[in-house]
Amino acid sequence: MEWRGQSARAVEWTASLVEELLGLSPVECPGLFGDLASRRRFVVIDNNVMQHYGTGILELLARYGIEHNEPLLIPGGEAAKTRATADRIIDAMDEFGVARHGEDIVGWGGGVLHDVLGFAAGEYRRGVAYRMFGTTLVCAIDAMFALKVAINHGWKNRVGLYHPAVAARCDLSWLATLADDDIREGFAEIIKWAVAGDADLFKLVERDGARVAEERFQGRDTTTRAIVASTIGGMMSELSGNAFELESARRSYLGHSWSPGWEPELRHGQAVALDILLTTMIGWRRGLLDMNQRQRIVRAISGVGLALWHSVLEERGLMVQALADTTLHRGQRQRIPVPSAIGNVAFLDDITERDVELGLEDLHRVALP
Ligand SMILES: NC(=O)c1ccc[n+]([C@@H]2O[C@H](COP(=O)([O-])OP(=O)(O)OC[C@H]3O[C@@H](n4cnc5c(N)ncnc54)[C@H](O)[C@@H]3O)[C@@H](O)[C@H]2O)c1
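In my numbering, the protein residues as written are 705 to 1073.
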């Protein structure tokens, strides 16, 4: 005898840009912390965010009458994306007491906080809801509304879940206090989406990317807003159509084929940028891109201050291992997105070690002429 069960689990999540978020009140935005039938909320904040915005965050929580724990502070940076940090969060949730429903956890921080908090929330009581306030560029245009959450375990993001924040919000004014490096990191993901899926966005980045980076997204001009909004909109629509990645041919995998193997030696965005460059060279060799398109991608990446070369690219063993791991991850198919125009990719399954070698030679000539 056999009994069959089936359930289609709907997932809904939102991403928003909000001006003057720390000044909001329950009259203007009653749902900011979810249903206030219970006002208990467990709060986790990135150390640096606490330093810069702690007072405003605590005032906001008070304005909403939130009964919260002494905010749990966790460090940013890849080294914090571990099982130990997730366990610290889970232990602190237990100490405070978090109900299974109706007391959405609240997080303030960058992509690292998002990934580790989302992971802990997904495990806790087999899944409690959380709300994310994204404070870095990477988080605003990618991580905060991603379905995926993870910790590093030997390999980048090796252990994880699909557990998106029910609502993700960012106030771009928070980016003013980011380090230059963190702006560059985020720009790598913007360029990823522009190259893979949005030629108009790419033109904006080509024209104004350097200025917008320099201004840390604090310009009130339409271009700054359009760069962020187009990236979020494009990524959200890509995610909505393939939420659980049952289809492994994803445009947003551009830049994510070799890069996991280069982290944490390289930061995420820089690794993504180099991966885009390698596939650009491969695409050019395969005749998918012409020299002008190749040059435009290189210029857009270097224009926002990302490096065109790093010594990790010389570790051939690592290159082979990284590609093998990605192939395993994608169900024994490479499915490597390679730029085939500005704003489009082709998915290749037949990239050889020789292709990689030639691609690296081409890139080396461009980067260190
Ligand atoms: N889940 C996903 O799909 C997804 C998507 C993209 C990236 N990510 C992950 O995101 C991580 C990188 O995120 P990140 O670049 O935001 O790193 P991060 O969270 O470590 O933040 C970078 C630094 O900025 C500090 N910081 C945060 N907000 C600040 C602010 N407003 N002002 C000043 N300092 C601030 C942090 O303390 C940290 O030192 C990687 O682990 C990557 O894998 C996940």
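Beta carbons: idealized from backbone N, C-alpha and C, even for Gly.
Can you tell me which of the three DSSP states residue i falls into?
i	result
Phe800	helix
Asp739	coil
Trp812	strand
Leu851	coil
Val820	helix
Ile1055	coil
Ile770	coil
Arg920	coil
Arg744	strand
Leu1062	helix
Val842	helix
Val1070	helix
Ala1050	strand
His960	coil
Leu830	Contrary to the premise, residue 830 reads as Arg rather than Leu in this sequence. Arg830: helix per DSSP, three-state reduction.
Arg792	helix
His805	coil
Gly781	coil
Gly953	According to the sequence shown, residue 953 is Ala rather than Gly. Three-state result, Ala953: coil.
Leu725	helix
Ala825	helix
Arg787	helix
Ala947	coil
Grab the span of the beta strand (DSSP E) containing residue i for me, first residue to last.
i	result
Pro1043	1040 to 1045
Met836	834 to 838
Leu776	776 to 778
Can you have a look at residue i and say buried or exposed, based on whether 16 or more other CB atoms are within 10 angstroms of its CB?
i	result
Pro964	buried
Met985	buried
His818	buried
Ser729	exposed
Gly858	exposed
Glu893	buried
Trp707	exposed
Phe948	exposed
Thr928	buried
Asp886	buried
Glu889	buried
Ala900	buried
Ser934	buried
Gln922	exposed
Glu723	exposed
Gln974	buried
Asp739	exposed
With hydrogens ignored, establish whether the beta-carbon of residue i is closer than 7 Å to any heavy atom of ligand 1.
i	result
Thr840	yes
Asn751	yes
Asp875	no
Thr718	no
Thr935	no
Gly814	yes
His867	no
Asp846	yes
Glu724	no
Lys896	no
Thr881	yes
Gly991	no
Asn946	no
Leu817	yes
Glu827	no
Lys852	yes
Gly901	no
Between which two residues does the alpha helix (DSSP H) containing residue i stretch?
i	result
Ser720	Counting along the chain, Ser720 falls outside any alpha helix (DSSP H), though it belongs to the beta strand (DSSP E) covering 718 to 721.
Val753	751 to 767
Ile936	926 to 944
Ser711	No alpha helix (DSSP H) holds Ser711; DSSP gives it neither H nor E.
Trp966	963 to 966
May I ask whether a heavy atom of ligand 3 can be found less than 7 Å away from the beta carbon of residue i?
i	result
Trp878	What this structure holds is ligand 1, not ligand 3.
Which runs of the alpha helix (DSSP H), 4 residues or longer, sit entirely within the region 977 to 1038?
Uninterrupted alpha helix (DSSP H) stretches at least 4 residues long and entirely within the region 977 to 1038 occur at 995 to 1007, 1020 to 1033, given in chain order.
Can you list, in chain order, the stretches of the alpha helix (DSSP H) that have 4 or more residues and sit fully within the region 856 to 918?
Listed in chain order, the complete alpha helix (DSSP H) runs (minimum 4 residues) inside the region 856 to 918 are 884 to 901, 903 to 918.
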